[in-house]
Amino acid sequence: MKDLQKLAGECMSQLDRIGIKYGTVRFSVNTRAKKRWGQCIVRGAGVYDINISARLLGDNVDDMAAKNTIMHELVHAADGCRSGHRGRWLAIAAAVMKAYPGYDIKRTTSNAEKGFDEEYVPSKRLEYKYFYRCLGCGAEAKYKKAGRFIKNPGAYVCIKCRGKFVTAEEYDSLTPAQRAALNRALIAGMTRK
Ligand SMILES: [Zn+2]
Ligand SMILES: [Zn+2]
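Read in order, the letters of the sequence shown are residues 699 to 891 in my numbering.
Structure (structure tokens):
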């Protein structure tokens, strides 16, 4: 198994060299995630936990497959996990790729692009009907059926950042600044309509 701390250290010193700040980041290996390569979670002001799928750290996997994901998550940290995969996140990712052309930081990456056989994909695509996103960190909430959350999304907060949820449609229609403002307003208890 590859040394995650070593690969992460390499990515962080590359960011340091071009002056991109990412705060305090703790890395861990995720042995359970089947559907995601990596995840960045806000733990406090400027403190982030990033976990990377063990699948990417196998000895037979290319180093760059792991480093692209580590860098992807570090860019979330550098953005304060605010912009999802748009806005400032995109701008920082572009700056990293400009400085280090070996990187290919994508919003999402297929199994095939990571060098895995597509047949490895353990989950079949689920037919979600309801899509919501957190205004604070962009986390997705997807449901196949209209359950408790769908009946009253306003009553729920994001487990990652305590943000409020809106439909994915509304989320996409807002700029990062508008999302932040709406999030603050909803947290403060403003009711809409
Ligand atoms: Zn991401
Ligand atoms: Zn959130």
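Positions of the beta carbon are idealized from the N, C-alpha and C atoms, including for glycine.
For residue i, three-class secondary structure by DSSP
i: Y798; result: coil
i: C832; result: strand
i: S711; result: helix
i: R724; result: strand
i: V745; result: strand
i: K765; result: helix
Rounded C-alpha distance that separates residue i from residue j
i: A844; j: P851; result: 11 Å
i: Y841; j: K827; result: 6 Å
i: A763; j: E708; result: 14 Å
i: Q737; j: C779; result: 10 Å
i: G744; j: W735; result: 22 Å
i: M769; j: K849; result: 37 Å
i: A839; j: I857; result: 11 Å
i: V740; j: G800; result: 28 Å
i: A878; j: C859; result: 12 Å
i: L648; j: I716; result: Residue numbering for the chain in the displayed model covers 699 to 891; residue 648 lies beyond these limits and cannot be assessed.
i: S726; j: E867; result: 33 Å
i: A853; j: I718; result: 37 Å
Buried or exposed by the 16-neighbour rule on C-beta atoms within 10 Å, applied to residue i
i: V864; result: buried
i: N758; result: exposed
i: D760; result: exposed
Nearest candidate by alpha-carbon position, reference residue i, set the options
i: G861; options: L884, G778 and E867; result: L884
i: G887; options: Y720, V855 and C859; result: V855
i: I790; options: M699, N758 and Q712; result: Q712
i: Y869; options: I716, K849 and C835; result: C835
i: E771; options: D760, S751, G756 and V759; result: S751
i: R805; options: W787, Q703 and I718; result: W787
i: G756; options: T729, D777, H774 and D747; result: T729
Contact test: residue i Cβ vs ligand 2 heavy atom, cutoff 7 Å
i: G782; result: no
i: A878; result: no
i: C859; result: yes
i: G742; result: no
i: G834; result: yes
i: A837; result: yes
i: C709; result: no
i: C856; result: yes
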